[in-house]
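Peer 1: Going line by line, the protein sequences match chains A and B. Taking my numbering, I'd label the letters of the first sequence as residues 98 to 247. Taking my numbering, I'd label the letters of the second sequence as residues 98 to 247.
There are 2 protein chains.
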Amino acid sequence: MSEVMSPVEAGQTYLELHHQLHRIVDQAMSSAGLSLARAKVLMRLDAHGPMNQATLAGLLGFAPRSVTETIDGLERDELVTRTEDPHDRRSRIIALTASGRDALQVAMTARSKTMDEIFGVLDPTERAQLVALLKTIRENLAQGDTGCGN
Amino acid sequence: MSEVMSPVEAGQTYLELHHQLHRIVDQAMSSAGLSLARAKVLMRLDAHGPMNQATLAGLLGFAPRSVTETIDGLERDELVTRTEDPHDRRSRIIALTASGRDALQVAMTARSKTMDEIFGVLDPTERAQLVALLKTIRENLAQGDTGCGN
DNA sequence: ACCTAATGATGAGGAACCTCACAATGAGGA
DNA sequence: TCCTCATTGTGAGGTTCCTCATCATTAGGT
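(1) Quick test of your reading: Pro161 of chain B and Met212 of chain A, contact by CB under 8 Å. State the CB separation rounded to the nearest angstrom.
(2) Counting Cβ pairs, one atom from each stretch, are 3 or more of them under 8 Å apart for the region 124-131 of chain A and the region 150-168 of chain A?
(3) Residue range of the beta strand (DSSP E) that Ser188 of chain A falls in?
(4) I need the straight-line Cα distance from Gly241 of chain A to Asp220 of chain A, nearest angstrom please.
(5) Mind checking the region 202-232 of chain B against chain A and listing, in chain order, the residues whose C-beta falls within less than 7 Å of any C-beta there?
(6) Within the same chain, show all residues whose beta-carbon is closer than 6 Å to that of His145 of chain A, passing over the 5 residues directly before and after it, in chain order.
(7) Taking 9 Å as the CB-CB cut-off, is Ser132 of chain A touching chain B?
(8) Extract the residue ranges of the beta strand (DSSP E) inside the region 119-183 of chain A, only unbroken runs of 3 or more that lie entirely within it.
(9) Taking beta-carbon pairs under 9 Å, can you tell me which members of the region 166-181 of chain B lie near chain A?
(10) Can you give me the C-alpha to C-alpha distance between Arg235 of chain B and Gln226 of chain A, rounded to a whole angstrom?
(11) Using the Cα positions of Ser163 of chain A and His184 of chain B, report the straight-line distance between them to the nearest angstrom.
(12) At a Cβ cut of 9 Å, what residues of the region 100-129 of chain B count as close to chain A, listed as they run along the chain?
(13) Establish whether the CB of Leu238 of chain B and some CB of chain A are separated by less than 9 Å.
(14) Identify the contact partners of Ile234 of chain A in chain B, using a Cβ-Cβ distance below 9 Å as the criterion.
(15) So the candidates are A:Val122, A:Leu176, A:Leu230 and A:Met126; which of them puts its Cα closest to the Cα of Ile215 of chain A?
(16) Could you check which residue in B:Arg120, B:Val138, B:His119 and B:Leu118 has the C-alpha nearest to that of Ala192 of chain B?
(17) Given a cut-off of 9 Å, decide if Gly170 of chain B and Arg135 of chain B are closer than it, judged by their beta-carbon atoms.
(18) Starting from the beta carbon of Gly155 of chain B, find every residue of chain A whose beta carbon is closer than 7 Å, and list them in chain order.
(19) Which of the three DSSP states, helix, strand or coil, is assigned to Glu100 of chain A?
(20) On a Cα-Cα basis, can you pick out the residue from A:Thr178, A:Ser209 and A:Glu100 that is closest to Ser196 of chain A?
(21) Report yes if the C-beta distance between Asn237 of chain B and Val203 of chain A is below 9 Å; otherwise report no.
(22) Which residue comes first and which comes last in the alpha helix (DSSP H) that contains Val228 of chain A?
(23) Is there a Cβ of chain A sitting closer than 9 Å to that of Gly158 of chain B, yes or no?
(24) Do you know how far the Cα of Met126 of chain A is from the Cα of Arg208 of chain A?
(25) Between A:Asp182, A:Gln117 and A:Pro147, which has its C-alpha nearest Gly155 of chain B's C-alpha?
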């Protein structure tokens, strides 16, 4: 415990949690009707309003191709609409529908509940600590990468 | 910063990093010849010796079906072998080959380098803190779930 | 011995990511 | 104008995960 903590050991611990945590959150949200991936998209649309897929890809840190696919599904389920952009005939504007907004709300409730279960075991000070550490990592990540971060 | 840190906010930060971090590590390792997923399997085999797929699934926290698929690939590339279990005709024993061991070594080097880049920005005390927090989360996770954790 | 239940692996099918290649469009310079 | 280059979205194809159904085998009770 008080041994020297190598980056590799830290990474090991992180990666072990990684998989489990993602699955737990995704499962909880899927049960509520929206997978984590879909919710991520809808959250952005809710926060920033309608936008084209390229912008969405930038915000999410996804490849454009991945956005196409996710939107395909969301459109099929009528949670978003894809309309032409009058100013640029290449681009399609994605917008939340009313059902999309409803679904998002339900999913976010489930999400919060799951987050409480997972991160509620830490006290507020510990959570602040954790977030500070993660942000430090994120900041120094942004250097050599795609730079989409947030 | 000194605001109250809610579980949801902490989770938000965690999930944002999640995707990026996974991709960075996976890409680095893939460039070195072994994807993260494949390396995970090979690491377990290296650490625990030959075993059947169910055991492997338990150790990894994967669904058995996922192990079958990953092993298919590894076997195709001759990094592992699948042999009959003389004591149980349902089961197949997975074992590392020499090439598998070599590939793993190369991949682990790449992995370490990437971990250094990511977690090296924290000092040892911070890393210890991070690991402690993650372990706290993991411990309390094990209650309601598959219980494969490590 | 037999019948039932648990277990090991896999087929089928799906979701969420990716890269690479490409058509259509837009934008800017010569 | 026209030529080139960047950008938007998507087809094609791959990987890594999943669940659910199924088959073969083993194990356990009676």
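Cβ atoms here follow ideal geometry from the backbone N, Cα and C, with glycine treated the same way.
Peer 2: The structure says:
(1) Not confirmed; about 29 Å, so no contact.
(2) no
(3) Asp185 to Leu193
(4) Note that Gly241 of chain A has pLDDT 46, beneath the 50 cutoff, so the model's placement of it is unreliable and the number below is only indicative. Roughly 33 Å between the two C-alpha positions.
(5) Ser209, Met212, Asp213, Ile215, Phe216, Gly217, Val218, Leu219, Pro221, Glu223, Arg224, Ala225, Gln226, Leu227, Val228, Leu230, Leu231 and Lys232
(6) none
(7) no
(8) 177-182
(9) none
(10) 17 Å
(11) 46 Å
(12) Glu100, Val101, Met102, Ser103, Pro104, Val105, Glu106, Ala107, Gly108, Gln109, Thr110, Tyr111, Leu112, Glu113, Leu114, His115, His116, Gln117, Leu118, His119, Arg120, Ile121 and Val122
(13) yes
(14) Leu114, Leu118, Ile215, Phe216, Val218, Leu219 and Leu227
(15) A:Val122
(16) B:Val138
(17) yes
(18) The premise fails here: Gly155 of chain B is roughly 13 Å from chain A at the closest Cβ pair, so nothing lies under 7 Å.
(19) coil
(20) A:Thr178
(21) no
(22) Pro221 to Leu238
(23) yes
(24) 6 Å
(25) A:Gln117
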